[in-house]
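Below: one structure, written as structure tokens.
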Amino acid sequence: MKRGEHKLSDTHGRFLRAERNGRELQDATWTSGRILLSNRRLILAGSSGKRTFPLSAIEGIEGRYDVNQDVASVSNYLALRIPNGVVLVAPKEYEEFEQDFYGAVLNEGTFLARHPAVEGGVVQHTEWERSRLKIEEEAVSMATVSGTFVEIRLDDIGDITTGRRTIIDEDRLVLEVEHSDEDTSVQTYISGSDRQMSFLESLLRKGEEQSETSLELSKTDKQVLTALYSGVSPFDIPSFLDLDVEEVEELYVRLIDHNVLDEVRIRHEVKLNARGRSIASDVISEQ
25 MKRGEHKLSD THGRFLRAER NGRELQDATW TSGRILLSNR RLILAGSSGK RTFPLSAIEG
85 IEGRYDVNQD VASVSNYLAL RIPNGVVLVA PKEYEEFEQD FYGAVLNEGT FLARHPAVEG
145 GVVQHTEWER SRLKIEEEAV SMATVSGTFV EIRLDDIGDI TTGRRTIIDE DRLVLEVEHS
205 DEDTSVQTYI SGSDRQMSFL ESLLRKGEEQ SETSLELSKT DKQVLTALYS GVSPFDIPSF
265 LDLDVEEVEE LYVRLIDHNV LDEVRIRHEV KLNARGRSIA SDVISEQ
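In this text, residue positions in the sequence shown follow the numbering used here: the first is 25, and each later residue adds one.
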């Protein structure tokens, strides 16, 4: 490898070219081979030869790109946008490779961050600071130049908002990420180049999807979530809503199982997590 380059992943899997010059290749077939990832390059080596993609030339990650049934039958692959098309990469150890790939394109970059930009619903007067990110197995960790450490767990993301702001006299893309800092709901603002933000948003959106719920909520469920969101103690919910204690306990258990509430201790003292806050906020907005 070249000077300053180091290997991040060396595995096997399948890959194919799904689009060329704006045209989907519906007759594309998978090639099996070696998938090598460094902090500089992605190399796909199969029986017909080797292709090398500088990471700097990979523009972003697409969603599902099922150009034919053969591709659609594969549950996990990365769809990488390159200058003249899209390449699909399906390594055997998908989750490990995905983490390594996001790390390769994000870990060595410099970002600007405000944390907390919002805490407990109150806007904070924090300044933008230069920061570095580290992509971990279940979280995005961030360290600022002043020594602040921030952990954004991928399964604890409430909402993500994107937009452009003027930061230090420059128009930049900003991600506003709602998550938890210990027991407090906070928003962290992160900014970088458009390419960096494309990859980071793709990763955080995956976390947001983990936090979203398709759970069918009853009227009582919504009342309980709204009450917790408003600050009512979980122990006071039965009397506050005129419900049986057993009914509330069963409701807590179900919402804990569906990752809407976090259990604090066995007597079902609970608190809203990012997923629950997002649902409660939507319920309040609908009223």
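All C-beta atoms, glycine included, are put in the ideal place defined by N, C-alpha and C.
- Excluding its 5 nearest sequence neighbours in each direction, Val-147 has C-beta neighbours in its own chain below 8 Å: Ala-141, listed in chain order.
- Under DSSP, Thr-150 shares a beta bridge with no residue.
- As summarised for the stretch 83-157, the continuous beta strand (DSSP E) elements at least 3 residues long and confined to that stretch are 84-86, 102-106, 109-115, 134-143, given in chain order.
- Cβ neighbours of Leu-279 within its own chain (closer than 6 Å, five residues either side excluded): Leu-285.
- Burial is judged here by how many other beta carbons sit within 10 angstroms of a residue's own beta carbon; Arg-27 has fewer than 16 and is exposed.
- The beta carbon of Ile-82 lies closer than 8 Å to those of Leu-66, Leu-104, Arg-105, Ile-106, Val-129 in the same chain, with the five residues before and after it left out.
- In the three-state reduction of the DSSP assignment, Met-221 falls in the helix class.
- Looking from the CA of Leu-252, the closest CA among Glu-86, Lys-31, Leu-275 belongs to Leu-275.
- Under the Cβ criterion (8 Å, minimum of three pairs), the stretch 214-228 counts as touching the stretch 116-135.
- If one requires a minimum length of 4 residues, no alpha helix (DSSP H) run lies completely within the stretch 37-89.
- Per DSSP, reduced to three states, the secondary structure at Ser-209 is strand.
- DSSP places Asp-268 outside both helix and strand once states are collapsed to three, so it counts as coil.
- By the neighbour-count definition (other C-beta atoms within 10 Å, threshold 16), Ala-96 is an exposed residue.
- In the DSSP assignment, Ile-184 falls within the beta strand (DSSP E) that extends over 184-191.
- Within the DSSP bridge table, the entry for Lys-31 names Ser-62 as partners.
- Counting only residues of its own chain and dropping the five nearest sequence neighbours on each side, Lys-31 has a CB closer than 8 Å to the CB of Met-25, Leu-60, Leu-61, Ser-62.
- In terms of CA proximity to Ser-222, Leu-197 leads the group Val-288, Glu-206, Leu-197, Asp-205.
- Here Ala-163 is actually not in contact with Trp-152; their C-beta atoms are around 22 Å apart, not less than 8 Å.
- Remark: three or more beta-carbon pairs, one from each stretch, lie closer than 8 Å, so the stretch 245-259 and the stretch 301-308 are flagged as touching.
- Setting aside the 5 residues that flank it on each side, Ser-155 is surrounded in the same chain by Phe-135, Ala-137, Met-166, Thr-168, each with a C-beta closer than 6 Å to its C-beta; the list follows chain order.
- For the options Ser-309, Thr-150, Thr-172, the alpha carbon positioned closest to that of Leu-157 is the one of Thr-172.
- Taking a contact as a CB-CB distance under 8 Å, the pair Arg-41 and Val-111 counts as one, their CB atoms being some 6 Å apart.
- For Val-248, the enclosing alpha helix (DSSP H) begins and ends at 243-253.
- As the crow flies, the alpha-carbon of Ile-191 is around 37 Å from that of Arg-44.
- Inclusion of Pro-262 and Val-256 in the CB contact set at 7 Å is not warranted, their separation being larger than that value.
- Taking 8 Å as the upper bound for CB-CB distance, Gly-216 and Gly-133 are in contact here, some 6 Å apart.
- Put simply, the backbone Cα of Ile-214 is about 11 Å away from that of Arg-188.
- Take the alpha-carbon of Asn-100 and the one of Val-113: they are about 9 Å apart.
- For Glu-194, the closest of Ser-209, Asp-218, Val-174 by C-alpha to C-alpha distance is Asp-218.
- Close CB contacts of Gly-182 within its chain, under the 6 Å cut and outside five residues either way in sequence, are with Glu-202, Ala-298, Arg-301, Ser-302 (chain order).
- Closest option to Ile-159, judged by alpha-carbon separation, among Glu-143, Gly-127, Glu-206: Gly-127.
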